[in-house]
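In our numbering, the protein residues as written are 14 to 259.
Data first, discussion second: the structure below is written as structure tokens.
Dropping the structure here:
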């Protein structure tokens, strides 16, 4: 059996967040990343939408960490939209040290702001937006795991082209000082999809099925055909089903 799936799943903790995705596509958010490269820890914010390349039958643990709601998209859609698998690097690897040296030389040593970088500097910075440590600390719901293996998530990311952004990536301290402006630049940006790109919709339990069916008919009745809307209603799974039956 293949280790990866033909589906890319985006999880969320809130019912309203999933309804928002179904209504107006994926919004882009500045997500916090803590990455150790060449022995130096970097706290950054990267504009992205993240997905996991995990078969539906194996997502039980992922649901417990990232939320009971989700939407599964075809991998063909992901490739078409220029998503890319995350590059996992061990904290003390040669690759980690080599990239840290290159990034410091070409980007960090520059006295220019990110929006003033040359295309070559931005290209070096762009790689960082797809990097994550193979293993590191994770805290969820007040529980800390010191050596969580991030590579098990097989994450894919959509990251907007740096040509379309002023802040292609920012340090955590800068982000905290300029949060409204940095987040505001993403408000109208969307990662779009069509009904045929959706393989399944994951909700919490059976009691919510009616709400989601009504929501799909209401918000997509004009832009999707009746056939498309009805087909999507048959692709709803609950976390109870996944945990017990799949």
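Backbone N, C-alpha and C define an ideal beta-carbon position, used for all residues, glycine too.
With a Cβ-Cβ cutoff of 8 Å, do residue i and residue j count as a contact?
i, j, result
"residue 163", "residue 148", "yes"
"residue 250", "residue 213", "yes"
"residue 22", "residue 72", "yes"
"residue 116", "residue 75", "no"
"residue 210", "residue 90", "yes"
"residue 182", "residue 57", "yes"
"residue 38", "residue 88", "no"
Compute the Euclidean distance between the alpha carbons of residue i and residue j, then round it to the nearest angstrom.
i, j, result
"residue 203", "residue 33", "12 Å"
"residue 139", "residue 97", "12 Å"
"residue 112", "residue 104", "11 Å"
"residue 69", "residue 217", "15 Å"
"residue 245", "residue 35", "11 Å"
"residue 110", "residue 48", "12 Å"
"residue 255", "residue 176", "40 Å"
"residue 133", "residue 67", "34 Å"
"residue 136", "residue 26", "33 Å"
"residue 14", "residue 44", "Bear in mind that a pLDDT of 44 at residue 14, under 50, signals an unreliable position, so the number given afterwards is only what the model happens to contain. Their Cα atoms are separated by approximately 33 Å."
"residue 180", "residue 50", "21 Å"
"residue 185", "residue 82", "28 Å"
"residue 64", "residue 118", "31 Å"
"residue 158", "residue 146", "14 Å"
"residue 226", "residue 215", "12 Å"
"residue 59", "residue 42", "8 Å"
"residue 86", "residue 195", "28 Å"
Tell me whether residue i sits in a helix, a strand or coil according to DSSP, three-state version.
i, result
"residue 14", "The pLDDT assigned to residue 14 is 44, lower than 50, so where the model puts this residue is not dependable; a value taken from the coordinates is nonetheless given after this. Coil."
"residue 92", "helix"
"residue 107", "helix"
"residue 31", "helix"
In terms of alpha-carbon separation, which member of the options lies closest to residue i?
i, options, result
"residue 166", "77, 28, 35", "77"
"residue 150", "132, 143, 54, 256", "54"
"residue 79", "107, 28, 190", "28"
"residue 197", "178, 207, 231", "178"
"residue 144", "169, 201, 94", "169"
"residue 128", "31, 174, 114", "174"
"residue 40", "130, 200, 85", "200"
"residue 114", "188, 52, 235", "52"
"residue 207", "102, 84, 60, 59", "84"
"residue 161", "130, 31, 101, 126", "101"
"residue 126", "205, 238, 187, 193", "187"
Name the DSSP bridge partner or partners of residue i?
i, result
"residue 23", "84"
"residue 251", "216"
"residue 49", "54"
"residue 38", "Per DSSP, none; premise fails for residue 38."
"residue 145", "101"
"residue 206", "Note: residue 206 sits in no beta bridge, so no partner."
"residue 43", "60"
"residue 151", "158"
"residue 171", "62"
"residue 211", "86"
"residue 184", "57"
Does any heavy atom of the ligand GTP sit closer than 7 Å to the C-beta of residue i?
i, result
"residue 102", "Judged by which ligands are present, the structure shown has none, so any question about the ligand GTP falls away."
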